[in-house]
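Below you'll find the structure, written out as structure tokens, and then a few comments.
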Amino acid sequence: MTFPPSCQGVFLVFSGAMQCTEVDATPWLCFNPHVEKDTYIALGSNLGDRELNLLRAVAEIGKLPSGKVTALSSFYETSPVGVIDQPPFINAVLRLTTGLAPHDLLNRLQYIETAIFSRKRTICRGARTMDLDLLFYGDEVISDEILTVPHPRMAERRFVLQPLSDIAPDLIHPVLGISIADILETLRSDETVVKI
Ligand code: AMP
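Numbering-wise, the sequence shown is residues 35 to 230 according to this note's numbering.
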């Protein structure tokens, strides 16, 4: 029996009256306790071949176990926010339907940033080959020292809301209680966000 690479969690063997035993050896059943969720991931790049970087990131996210990319926005060229003395970004948002747990997903996104794109965190919010942010994990609200979902700054960022609105205009923000289209409609910001 072969198992997908995603089977690295808990292995259970059913025996007798359906009792479960955790084992290290060959598993009979790979048990993933997480039901599939629609998650939304923001992508941004302002170093190197930015469009190619985004396409590569979409492909890498698509290769993650227990899921598939089910929507992808247009690509946008956007002015930097915060640290403005840096090149413009290309931004997009995708939907990943996944059985990965939230922190596992974040770990894997960070692995893509560092291992695939050799991202170095030198200047906070500075130039980067790839930035991946987890915007939503279903309608879950998570706040701990590692992960905050919905992403805390997304509602102020046109470079996130505009591509997100391409693929999920009616999605309700689980904390604000209004749709992405409505958040975008009321946003006042001077960022430049141009579809390419
Ligand atoms: P950044 O350097 O902007 O990619 O920020 C990465 C840091 O933000 C890491 O320490 C993450 O643990 C943390 N973080 C918290 N919530 C999120 C989120 N929803 N998506 C991505 N990173 C997050």
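No residue lacks a Cβ here, since even glycine has one placed at the ideal position from N, Cα and C.
Nearest Cα to K102 within the set V175, Y74, Y145, P184: Y74.
For L89, the closest of T226, R187, M164, L195 by C-alpha to C-alpha distance is M164. Apart from sequence neighbours up to five positions away, the residues of its chain that approach A202 with a beta-carbon distance below 6 Å are I214, ordered along the chain. Contact between E174 and V183 holds, since their C-beta atoms are separated by about 6 Å, short of 8 Å.
For the 7 Å CB-CB criterion, P136 and Y171 form a contact. Under the DSSP assignment, R129 falls in the beta strand (DSSP E) whose first and last residues are 123 to 132. If you keep only unbroken beta strand (DSSP E) runs of at least 3 residues inside the stretch 150 to 187, you get 165 to 171. K71 has its alpha-carbon roughly 29 Å from the corresponding atom of N80. The beta carbon of D216 sits no closer than 6 Å to any heavy atom of the ligand AMP.
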